[in-house]
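*Asks:* Numbering-wise, the sequence shown is residues 3 to 445 according to the working numbering.
Each residue gets a CB set at the ideal place from its N, CA and C atoms; glycine is no exception.
Computed from a prediction, not measured in an experiment: that's the story for all the values here.
Before I ask anything, here is the structure I am working with.
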Amino acid sequence: MTRLLVANDVPEQLVGAIPAMREALGWWAQRLIWHMQDDDILVLPTEPDASCLKYVAKITGTRHESLRVVVPPAGRAGAHNLSADRLADPGFRAAVRDALGGRRLDAVLPLCPDASVVALARSLGAEGAVPGAAFASQSGGALANSKAVFRAVAAGAGVPVPEGSVVGDPLDAEDTIAEFLGRGVPVIVKKEYAQGCNGNELLSPVAGVKPIGARRGLVLEGRTAIKRYVTESWDWLTNGERHKVVVERYHPGSRAVFAEYVLTDQGVELAGQGELVAAPMPDGQVLPAVGLAPVALAQLVDATRRLCEAVHALGYRGTLGPDAIVTPDGEILFTEYNGRITGSTHIYATVGARVVGKEAMRRRILLERQGWTAPSFQVAVDRLFESGLAYNPATEVGIVLVSAFNPVYKVISYCIVAEDLPAALELEERLDKVSPRARQDQG
3 MTRLLVANDV
13 PEQLVGAIPA
23 MREALGWWAQ
33 RLIWHMQDDD
43 ILVLPTEPDA
53 SCLKYVAKIT
63 GTRHESLRVV
73 VPPAGRAGAH
83 NLSADRLADP
93 GFRAAVRDAL
103 GGRRLDAVLP
113 LCPDASVVAL
123 ARSLGAEGAV
133 PGAAFASQSG
143 GALANSKAVF
153 RAVAAGAGVP
163 VPEGSVVGDP
173 LDAEDTIAEF
183 LGRGVPVIVK
193 KEYAQGCNGN
203 ELLSPVAGVK
213 PIGARRGLVL
223 EGRTAIKRYV
233 TESWDWLTNG
243 ERHKVVVERY
253 HPGSRAVFAE
263 YVLTDQGVEL
273 AGQGELVAAP
283 MPDGQVLPAV
293 GLAPVALAQL
303 VDATRRLCEA
313 VHALGYRGTL
323 GPDAIVTPDG
333 EILFTEYNGR
343 ITGSTHIYAT
353 VGARVVGKEA
363 MRRRILLERQ
373 GWTAPSFQVA
383 VDRLFESGLA
393 YNPATEVGIV
403 LVSAFNPVYK
413 VISYCIVAED
423 LPAALELEER
433 LDKVSPRARQ
443 DQG
């Protein structure tokens, strides 16, 4: 089976909303490597680290020599994202045909469904190999990643969301924010397109509310302060008035959880679930969500299914990852969905299912963390094995590297496989002695 994997990490709308993160996108898109199988053709924004490619091939049992990597020329926005102009480059498309070598293209797996990927597949005579090609070709990927559209779909499907609204006018934003803050209730303001909480800001009428899941927290006292905030932030919030803004109630002390489904022509199927860790920005995850009560987990899975079925009816195909919070009162409220292969997908699908194994995962948990410091990917691999902390299939315990080397912050993400969370934290302490983990104030 020949597959074309395309590391187009985010839709064009999202890239435009966070230009300062373009270089980070190029690094983060390399997680596609963890999804590779024999005979795959990988389309990446930049050349991969050879040591990273060999490491992932080894832990997944993939024949390294069977792989082909194609990198298109830099586009108008540079080389950090697989933008539409890069995927349309004639020389690049010719290189993909050469990599196919006359083989039939059986499947196309993009990180994010996009019309540019459908156009690429069409040029190769394989449009039907793209899941949900009809939907994706009409900018469906933008709908499946919009926080504004999410609230409408969730409401229509009867899936609970935090109290709030979608606004497109600064006065409406002021009124909505003022209504919440006037009741003494904090709110979170969200850009329609952003990832990793980088488009979220917490607004509170009083000091002391921690901005978990937001890039910063602000105290606004009175209508004048609210108006000033909206006026100064409106261009950033709307990406130059091109997008909507979500204003919703913030619930301090909540836990962030998720469940991902795979949407195919046959229906929707649960793929993985877990709990996100933030400090205050996303810092890791635990899979499965072992700290969630069985009743709450059942509610999470059921509501997620209803949401996925609604999106499935629109024609979306691929991975859909809705996020939710569990409030201190035990209420489950959904906050967004991600219509793409997320940062959780390769943790349960590759580390869990392929490296550890589905049967072994019945007695194991996964703790993924960001920010282990190292000067290079190969040095990180060497340190893991020399310290005896690398994952051992015989004991079903150890650590797996789950990201490429981040050249900006000199860090790598890792995943601990252990019997339970206390055992995972003990392994993490040992890893920290080998090389410390960068805290968020370090990047």
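1. Considering only C-alpha positions, which residue in the set I418, L294, L429 and E181 is nearest to I334?
2. Can you check DSSP and say which residues form a bridge with W374?
3. Does the structure place the segment 388–407 close enough to the segment 419–427 that three or more beta carbon pairs sit under 8 Å?
4. Just to confirm, are P75 and F94 a CB contact at a threshold of 9 Å?
5. Taking the C-alpha atoms as reference points, what is the distance between D41 and E203?
6. Taking Cβ to Cβ, would you say L107 is nearer than 9 Å to A86?
7. Looking at the strands, I want to know which residues DSSP matches up with V110.
8. What are the uninterrupted segments assigned as beta strand (DSSP E) that are 3 or more residues long and contained completely in the segment 134–203, given in chain order?
9. Could you give the distance in angstroms between the alpha-carbon of A9 and the alpha-carbon of T347?
10. Quick one: does V189 have its CB under 9 Å from some CB of chain B?
11. Enumerated in chain order, which unbroken segments of the alpha helix (DSSP H) with a length of 4 residues or greater are wholly contained in the segment 58–89?
12. What does a CB cutoff of less than 7 Å around A157 pick up in its chain, not counting 5 residues either side in sequence?
13. Would you check if there are 3 or more beta carbon pairs closer than 8 Å linking the segment 347–357 to the segment 31–48?
14. Taking just the CA atoms, how far does V288 sit from E428?
15. Determine the DSSP secondary structure at L289, reduced to helix, strand or coil.
16. Assign G445 to one of three DSSP states: helix, strand, or coil.
17. Which residues mark the beginning and the end of the beta strand (DSSP E) in which R251 is found?
18. At the level of alpha carbons, what is the spacing between R385 and A52?
19. Could you compute how far the alpha carbon of R244 sits from the alpha carbon of E338?
20. With a threshold of 8 Å (Cβ to nearest heavy atom), would V353 be considered close to the ligand NAP?
21. List the endpoints of the continuous beta strand (DSSP E) containing Y263.
22. Taking just the CA atoms, how far does R65 sit from P47?
23. Mapping DSSP to helix, strand and coil, what is R244?
24. Where A326 and L302 are concerned, what is the direct C-alpha to C-alpha distance, given to the nearest angstrom?
25. So for V419, helix, strand or coil by DSSP?
26. Provide the residue span of the alpha helix (DSSP H) that contains A101, from first to last.
*Replies:* In short:
1. That would be L294, whose Cα lies nearest to the Cα of I334.
2. Paired residue(s): I414 and R439.
3. At 8 Å Cβ cutoff, the stretches touch.
4. The Cβ-Cβ distance between P75 and F94 falls below 9 Å.
5. One alpha carbon belongs to D41, the other to E203, and they sit about 44 Å apart.
6. Judged by beta-carbon spacing, A86 lies beyond the 9 Å limit of L107, meaning their Cβ atoms are not closer than that value.
7. V110 is bridged to L6.
8. Correct list: 166–169 and 189–193.
9. Their backbone Cα atoms lie some 14 Å apart in a straight line.
10. Any reference to chain B falls outside this structure, which holds one protein chain only.
11. With a minimum length of 4 residues, the unbroken runs of alpha helix (DSSP H) contained wholly in the segment 58–89 fall at 86–89.
12. Here the set comprises V163.
13. The segment 347–357 vs the segment 31–48: in contact.
14. For E428 and V288, the distance between alpha carbons rounds to 15 Å.
15. Three-state result, L289: strand.
16. Because G445 sits at a pLDDT of 35, beneath the cut-off of 50, its placement in the model cannot be relied upon, and the point is left open.
17. Where R251 is concerned, the enclosing beta strand (DSSP E) stretches over V247 to R251.
18. For R385 and A52, the distance between alpha carbons rounds to 17 Å.
19. R244 and E338: Cα-Cα distance of roughly 19 Å.
20. Summarising the ligand content, the structure contains no ligands, and the ligand NAP is consequently not present.
21. In the DSSP assignment, Y263 falls within the unbroken beta strand (DSSP E) covering R257 to T266.
22. A direct Cα-Cα distance of roughly 22 Å separates P47 from R65.
23. Here R244 carries a coil assignment [DSSP, helix/strand/coil].
24. When rounded, the distance between both Cα atoms is 8 Å.
25. In the structure shown, V419 sits in a strand (DSSP, three-state: E or B).
26. Unbroken alpha helix (DSSP H) run through A101: P92 to L102.
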